[in-house]
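In my numbering, the protein residues as written are 2 to 133.
Ideal placement from N, C-alpha and C gives every residue a C-beta, glycine not left out.
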């Protein structure tokens, strides 16, 4: 069974947290084996014209890169990184942490935990203040 439907549900939670202004950050972690890429961090940024983009920071062994995408463009990028090489995605919101994990058989699951961050990201707070 593909993990795509479960990851799509997880992504809906990501979009909902941005809409609800509770999003703090999103992290891909737990790589398979010794890989060049170590982590991916996703956070919203506001451009000069108050358009939100997603900053995707990829941390490698020896360098770090940052790219910017629309929210819609971010999903296929993250999905392509799941299973090869990442086994988990962690959504941090001010209400709860939502964790997507792949087990050894590559079956996806979603769990919820108490929030790590009490406040949404600064950009989300700025968007809320501006009514965006």
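Excluding its 5 nearest sequence neighbours in each direction, residue 112 has C-beta neighbours in its own chain below 6 Å: 100, listed in chain order. Per DSSP, residue 45 is one residue of the beta strand (DSSP E) stretching across 38-47. A direct Cα-to-Cα measurement between residue 48 and residue 92 gives close to 23 Å. Judged by pairs of C-beta atoms under 8 Å, the segment 116-127 touches the segment 19-30, as three or more such pairs exist.
Rounded to whole angstroms, the gap between the alpha carbons of residue 37 and residue 97 is 30 Å. The distance from the Cβ of residue 89 to that of residue 105 is about 13 Å, inconsistent with a contact at the 8 Å cut-off. Checking the DSSP bridge columns, you'll see residue 109 partnered with 103.
Looking only at 29, 41 and 51, the smallest Cα-Cα distance to residue 130 is reached by 51.
In the DSSP assignment, residue 87 falls within the unbroken beta strand (DSSP E) covering 87-94.
For residue 98, the pairing in a beta bridge is given by DSSP as 93 and 114. Here DSSP, grouped into helix, strand and coil, assigns residue 81 to helix.
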